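Trainee:
Numbering (full-length UniProt numbering), first residue to last: 1 to 949.
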């Protein structure tokens, strides 16, 4: 056992030195259990392996009135290697009574061992007990410790909270949405031990691999009760006059310290509806909440049981839990629920939602509590399986209504954008953790399709079998899936799931597949793979060495069968393969339908045009499913943006959108309009592009307005709002006029500085398309903003004042006041925010550039000792141009003031380099875009009378 843990430690150290491209075996230790803390936990202080815990006997006495707790713990350990010290995790906030500390050999517990000294290791959460004599290998010892600690609000470990109970008959709302203010105050104390905060509660071996039983007793006031991991065994009285009793709980099964949890409160059990009662169902499900919130939770027990039933069917095994307590805790503020073994604590609002978050926490009872990752480094596997199964379970229960069909598209698109950057996650480490986990979830979805749902499920069942109350590594999952796939003949014997997964998870990248068909009766296609890069220049080092295992699922026009998701062929980390037996030249093919794998697909121009023509027919839109329609559109535009496809071809793929009404197909369109629009913002083509956008969106929006109903689906309201937002940007008159009518109420208000009666959605259209008087009114509201009002309202107003106008005169006015006049109503943070907002469009950054050029000496003097502002201004004023004209302007400024840029010298040099690259893109693509738009607009009468500009 000790050698096994040592090998894990070596692997953890090795991964910190690991370059991109190593195999999964070398890279296998990554993250575990709680993804958000995973990166820090890989370097968490690991305990020596010379002692292994056997069990804990723990007594806790939390005191509500004093916000503190005391306790005793007896830690039983077996010695596996000769040592004279005992090392435990103990947070520095935990006070340990060193005088009362004892260590005994369990064979003679009456004779404590002699202790030389007790150390608290500086800057490490460790308590080290040094003994005079060495411990004997194979013998069992018990460390007896007494401790105390303070309880704080919203802290890890032991936390406290308060809530106010509403009067009987009042309508309750979730406390994390609107706090109740009524009646007397109630207090509670709970624990949040994930991912490694049990050490804040008691001295322990606070690592996931140590799974041992706990014998726990907790003192409480008679007025409250305690929920714990296991059922209450008995309550011991301290005498009839004592206000305190002690609850003794049944011993827990072997479990990790991070799954330890209790809640001391006076919450009440929610009475279940009649159809939720089933005395034979195991585990017994109980739901707890404050009294006046119970009406909102009457269906929760039924939903929990239904979700548990689906998960038990999937895993093929029941959870060995006697009971499962589900708590809606008022004022609970943690981002994630506290999913302890047999006790899950939610925010109140989370239990009013659908099945997904519920399923996710219930999956963690299997994967996390019952079967536990050996170390934090395998979290992406643990969390990815939970994410995939939660979505799968929710879809099976309600048909995906909770997601409105958006899973997994939302995470898929974010993966496409992030991993196609030149430097993914260059700024935000936490984002890297989330996107890596999301990609792992998408790889699991890909395997579920290509191996087959039955094989995939049986593989996971094979993995979970015989691991009850034990730990696992990520590789154990892939090996179980491999065995089942070989057994079911879903994967050739020479291949393993480890190989497939390794090629995806070890790279912060995704591939692009290019399908080049051979026409003239050959009926073949050459398929190549390479790194997908959306940002330019495409100069990522060693990109030619990056290869993936890619399943090629193919659908042909003569056999539009989207139910067969088996791979026609695998690209086994090879650059090129050939597809055979394809249809005739006048029939299209689709590779990777339904986004089976997380990668975009490019085709030759002829196949793209065949697809575009088919989608413009009613039959085509009926026979090609929604996800595939969305994929074809999304891939075409993004590949064109990346320079891998002609924009003429990409625009052709949008022609069917005038008939399309599904929100899943429309959602990526808005992102793409925004991306392309910003890129060509400064060119003469932009006005034609805006006319195209109007022509595309007006029929959709007006149809959605005409069919608007009071209780319509959420997606319809969201789609109408998006369409309206983009039309407003393009100057749609009904939208602007509506916004101006709303804004006038504010302008006519006798005391406009006391509050803003205008919805935020109206402000930007007014500042962009409205009068100078309206914009000036907004400026004065910022200048006169009262101290008593919420600061975020002023920030939003300032953002829109700078970021929305398309008229240089408005922007010049703002810059004159804030920079040249150095108006005392604007802080340096305000000026930095203005610069940032001006970088959002060509009107902003080109006006800022001219302002800088025309007032160079004054601005240099103003920002002499404000280097951060100076750097921000140079970056926003010079870094966004995309044409030769822009390059010439910035280059001229650089030459004219060379040597005067100071700290911003490297910024303008980088700007020039980037503009040069973007200019190439513009030179290649703007003529193509303009030619297509001219042809389109000539054959479509735009409703110009409905638009400003």
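From the three backbone atoms N, C-alpha and C, an ideal C-beta is built for every residue, glycine too.
In this text the structure is predicted, and so the values were computed from the model without any measurement.
1. In angstroms with no decimal places, state the Cα-to-Cα distance between residue 368 and residue 602.
2. Taking buried to mean at least 16 other C-beta atoms within 10 Å of its own C-beta, is residue 857 buried or exposed?
3. Just curious, the beta strand (DSSP E) that residue 148 is in, first and last residue?
4. From residue 415 to residue 484, what does the alpha carbon distance come to, in whole angstroms?
5. Taking the alpha helix (DSSP H) that residue 546 belongs to, which residues open and close that run?
6. Which residues does DSSP pair with residue 570 in a beta bridge?
7. With DSSP collapsed to three states, give me the class of residue 238.
8. Cα separation between residue 387 and residue 561?
9. In three-state DSSP terms, what is residue 186?
10. Could I get the ranges of all uninterrupted alpha helix (DSSP H) runs contained in the region 363-433, with 4 residues as the minimum, in chain order?
11. Between residue 705 and the rest of its own chain, which residues show a CB-CB distance below 7 Å, the 5 nearest in sequence each way excluded?
12. When you compare only the Cα positions, how much space is there between residue 393 and residue 262?
13. Do the region 398-416 and the region 652-667 meet, that is, are 3 or more Cβ pairs less than 8 Å apart?
14. Taking all protein chains shown into account, do 16 or more other C-beta atoms lie within 10 angstroms of the C-beta of residue 34, making it buried, or fewer, making it exposed?
15. Return helix, strand or coil for residue 68, following the three-state DSSP convention.
16. Taking the straight line between their C-alpha atoms, what separation do you get for residue 824 and residue 830?
17. Within 10 Å of its beta-carbon, does residue 135 have 16 or more other beta-carbons around it, so buried, or fewer, so exposed?
18. Check whether the Cβ atoms of residue 815 and residue 853 sit closer than 7 Å, and answer yes or no.
19. Closest to residue 115 by CA distance: which of 106, 125, 100, 108 is it?
20. Just to confirm, does residue 214 get its C-beta within under 6 Å of one of the non-hydrogen atoms of the ligand MN?
21. If the criterion is Cβ atoms closer than 7 Å, does the pair residue 450 and residue 593 meet it?
22. Can the beta-carbon of residue 57 be found less than 7 Å from the beta-carbon of residue 272?
23. Do the region 429-449 and the region 461-473 make contact, defined as three or more Cβ pairs closer than 8 Å?
24. What does a CB cutoff of less than 8 Å around residue 841 pick up in its chain, not counting 5 residues either side in sequence?
25. Does the region 336-345 come close enough to the region 215-229 to have 3 or more Cβ pairs within less than 8 Å?
26. Look at the alpha carbon of residue 734 and the alpha carbon of residue 741, and state the distance between them as a whole number of angstroms.
27. Can you pull the DSSP bridge partners for residue 529?
28. Should residue 139 and residue 104 be called a contact, given that it needs their Cβ atoms to be closer than 7 Å?
29. Keeping to the same chain, check which residues put their C-beta closer than 6 Å to that of residue 55; ignore five residues upstream and five downstream.
30. Could you tell me the alpha carbon to alpha carbon distance between residue 542 and residue 597, rounded to whole angstroms?
31. By the three-class DSSP mapping on this structure, what secondary structure does residue 30 have?
32. On the DSSP letters alone, give me the boundaries of the beta strand (DSSP E) that residue 808 sits inside.
33. Which residues in the same chain have their Cβ closer than 7 Å to the Cβ of residue 461, if we skip the five residues on either side of it in sequence?
34. Determine the DSSP secondary structure at residue 161, reduced to helix, strand or coil.
35. Please name the residue in 896, 246, 781 whose C-alpha comes closest to that of residue 798.
36. Near residue 931, which residues of its chain fall below 6 Å by C-beta distance, leaving aside the five closest residues on each side in sequence?
Mentor: On the basis of the supplied data:
1. If you take the alpha carbons of residue 368 and residue 602, they lie about 40 Å apart.
2. Label assigned to residue 857: exposed.
3. According to the DSSP assignment, residue 148 belongs to the beta strand (DSSP E) that extends over 140-150.
4. So the two alpha carbons sit approximately 29 Å from each other.
5. First-last for residue 546: undefined, no H or E at that position.
6. DSSP lists 551 as partners of residue 570.
7. In the structure shown, residue 238 sits in coil (DSSP, three-state: anything other than H, G, I, E or B).
8. Roughly 28 Å between the two C-alpha positions.
9. The three-state reading of DSSP puts residue 186 in strand, counting E and B together.
10. Restricted to the region 363-433, the alpha helix (DSSP H) segments that are unbroken, complete and at least 4 residues in length are 379-398, 409-419, listed in chain order.
11. For residue 705, same chain residues with a beta-carbon under 7 Å away, outside a window of 5 residues either side, are 720 in chain order.
12. Each residue's alpha carbon lies about 28 Å from the other.
13. Taking a contact to require three or more Cβ pairs closer than 8 Å, the region 398-416 and the region 652-667 qualify as touching.
14. Confidence in residue 34 is poor, its pLDDT being 37 and thus under 50, which makes the residue's placement unreliable; the coordinate value appears in the next sentence. Taking every protein chain shown into account, the CB of residue 34 has 16 or more other CB atoms within 10 angstroms, so this residue is buried.
15. DSSP places residue 68 within a strand segment (E or B) once states are collapsed to three.
16. Going from the Cα of residue 824 to the Cα of residue 830 covers about 11 Å.
17. It counts as buried.
18. Contact flag unset, no.
19. That would be 100, whose Cα lies nearest to the Cα of residue 115.
20. No copy of the ligand MN occurs in the structure displayed, which carries no ligand at all.
21. With a cutoff of 7 Å on beta-carbon distance, residue 450 and residue 593 are scored as not near each other.
22. The answer is no: Cβ separation not under 7 Å.
23. With a cut-off of 8 Å, the region 461-473 and the region 429-449 do not count as touching, because too few Cβ pairs lie within range.
24. 678, 681, 803, 806.
25. Yes, the region 336-345 touches the region 215-229.
26. One C-alpha to the other measures close to 11 Å.
27. Paired residue(s): 513.
28. No, the Cβ-Cβ distance between residue 139 and residue 104 is not below 7 Å.
29. Here the set comprises 76, 212, 213.
30. Near 23 Å, if we compare the C-alpha coordinates of residue 597 and residue 542.
31. Low confidence applies here, because residue 30 scores a pLDDT of 28, under 50, leaving its location unreliable; read the following figure in that light. Reduced to three states, the DSSP call for residue 30 is coil.
32. Counting along the chain, residue 808 falls outside any beta strand (DSSP E), though it belongs to the alpha helix (DSSP H) covering 808-815.
33. 315, 316.
34. Three-state DSSP puts residue 161 in a strand.
35. Per the Cα distances, 781.
36. None.
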